[in-house]
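Position 145 of the sequence shown, counting from 1, maps to 146 under this note's numbering, and the rest follow consecutively.
For each residue, glycine too, the CB sits at the ideal point set by N, CA and C.
Owing to the predicted nature of the structure, the values given are computational and were not obtained by experimental measurement.
Input: a single structure, listed below in structure tokens.
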Amino acid sequence: MKLLTTLAAAFVLSAFSRAAADPIYELRIYTCHDGKLDALQKRFRDHTCKLFEKHGMKNIGYWVPVDQDNGSKTTLIYVLEHASREAAKESFKAFGTDPEWQAARKASEEGGKILAKAPESIFMIPTNYSPALKIEKSGKPRVFEMRTYTTPPNKLDALHARFRDHTMKLFSKHGMSHLAYWTPIDADKGAGTKLIYILAHDSKQAGLASFGAFRADPEWIQAKAASEKDGSLTIEPHSEGVKSVYMKAVDFSPIQ
Numbered sequence: 002m003k004l005l006t007t008l009a010a011a012f013v014l015s016a017f018s019r020a021a022a023d024p025i026y027e028l029r030i031y032t033c034h035d036g037k038l039d040a041l042q043k044r045f046r047d048h049t050c051k052l053f054e055k056h057g058m059k060n061i062g063y064w065v066p067v068d069q070d071n072g073s074k075t076t077l078i079y080v081l082e083h084a085s086r087e088a089a090k091e092s093f094k095a096f097g098t099d100p101e102w103q104a105a106r107k108a109s110e111e112g113g114k115i116l117a118k119a120p121e122s123i124f125m126i127p128t129n130y131s132p133a134l135k136i137e138k139s140g141k142p143r144v145f146e147m148r149t150y151t152t153p154p155n156k157l158d159a160l161h162a163r164f165r166d167h168t169m170k171l172f173s174k175h176g177m178s179h180l181a182y183w184t185p186i187d188a189d190k191g192a193g194t195k196l197i198y199i200l201a202h203d204s205k206q207a208g209l210a211s212f213g214a215f216r217a218d219p220e221w222i223q224a225k226a227a228s229e230k231d232g233s234l235t236i237e238p239h240s241e242g243v244k245s246v247y248m249k250a251v252d253f254s255p256i257q
């Protein structure tokens, strides 16, 4: 019995150590003043990205929305990888006090402030069905789609099960590529009620066509009905429960 207890304790400790070593991800959304998006991208291209790496942050992907009503002229969306939440805090502290960053920021804002408001930041962890994140250039033009689902209380596990058992393979069947699936860490950012994921399509038109075929697929119709016999897995109205932003990668994005 003592041996079993010791082995169990060792297993728990090993699992905890692996979990503690897993990276976390940070989704950041910047909103610029009108006419300032090019200046923001230049600052990232020439300074910010390399300084992030210098201070222990890994650049994953940088995008701007395709459509004007989603901020195509004012918005930069990007994802960073951190070793841990504490590492992220220390990295941004070091970045903020770096003389090169301070000089670059000052020079870039000689004509006025670039950001219209404080950046939005969401710390996230991958779901257990998220594919390994591939940082690659596809070799052909493609667009990305960030989708955010908000569930009613106590429905997120059921949504995960539906993705794990049905949705992902049907996305693949209908020509959509998976980048990553995450859930927020913090309650005020949607922990327990939100799923955030990014897909890749050949084009926005291809993405819309793929979703049309997906929604008409009998297997999806059956899986959706079975999973929602006790109510919808996303909040109503649909426009609030499911949000979609089509995006294009900027030239300095590691993922293209």
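Notebook entry, point to check: Count the other CB atoms within 10 Å of the CB of Thr168; is the residue buried (16 or more) or exposed (fewer)?
Noted result: So Thr168 ends up on the buried side.
Checklist line | Own chain partners of Gly191 with C-beta closer than 6 Å, once the 5 adjacent residues on each side are dropped | finding: Here the set comprises Pro185.
Item checked: Neighbourhood of Ser211 by C-beta, 8 Å cutoff - its chain only, sequence neighbours within 5 removed -> Setting aside the 5 residues that flank it on each side, Ser211 is surrounded in the same chain by Phe172, His175, Gly176, Met177 and His202, each with a C-beta closer than 8 Å to its C-beta; the list follows chain order.
Item checked: Inter-residue spacing [alpha-carbon to alpha-carbon] between Gln69 and Ile236 -> Approximately 26 Å between the Cα atoms of the pair.
Notebook entry, point to check: Can the beta-carbon of Lys244 be found closer than 7 Å to that of Val144?
Noted result: No.
Notebook entry, point to check: Any idea what DSSP makes of Ser178, helix, strand or coil?
Noted result: Secondary structure of Ser178 (DSSP, three-state): strand.
Check: Would Pro66 be called buried (16 or more neighbouring beta carbons within 10 Å of its own) or exposed?
Finding: Burial call: buried.
Check: Taking the C-alpha atoms as reference points, what is the distance between Ala159 and Thr152?
Finding: Distance from the CA of Ala159 to the CA of Thr152, rounded to the nearest whole angstrom, comes to 10 Å.
Check: If you compare alpha carbons, which of Phe164, Asn129 and Lys118 is closest to Asp35?
Finding: Out of Phe164, Asn129 and Lys118, Lys118 has the C-alpha closest to the C-alpha of Asp35.
Note to self: Can you check which of these residues, Ile197, Lys43 and Lys138, is closest to Ser131 by C-alpha distance?
What the structure shows: Per the Cα distances, Ile197.
Next item on the list: For the region 78 to 115, list the alpha helix (DSSP H) runs that are entirely contained and at least 4 residues long, ordered along the chain.
Entry: Correct list: 86 to 98 and 100 to 109.
Item checked: Cβ neighbours of Gln257 in the same chain (closer than 7 Å, five flanking residues each side left out) -> Result list for Gln257: Lys138, Ser139 and Ala250, in chain order.
Next item on the list: Rounded to whole angstroms, what's the CA-CA distance from Ile61 to Ile136? Just pull it up for me.
Entry: Ile61 and Ile136: Cα-Cα distance of roughly 7 Å.
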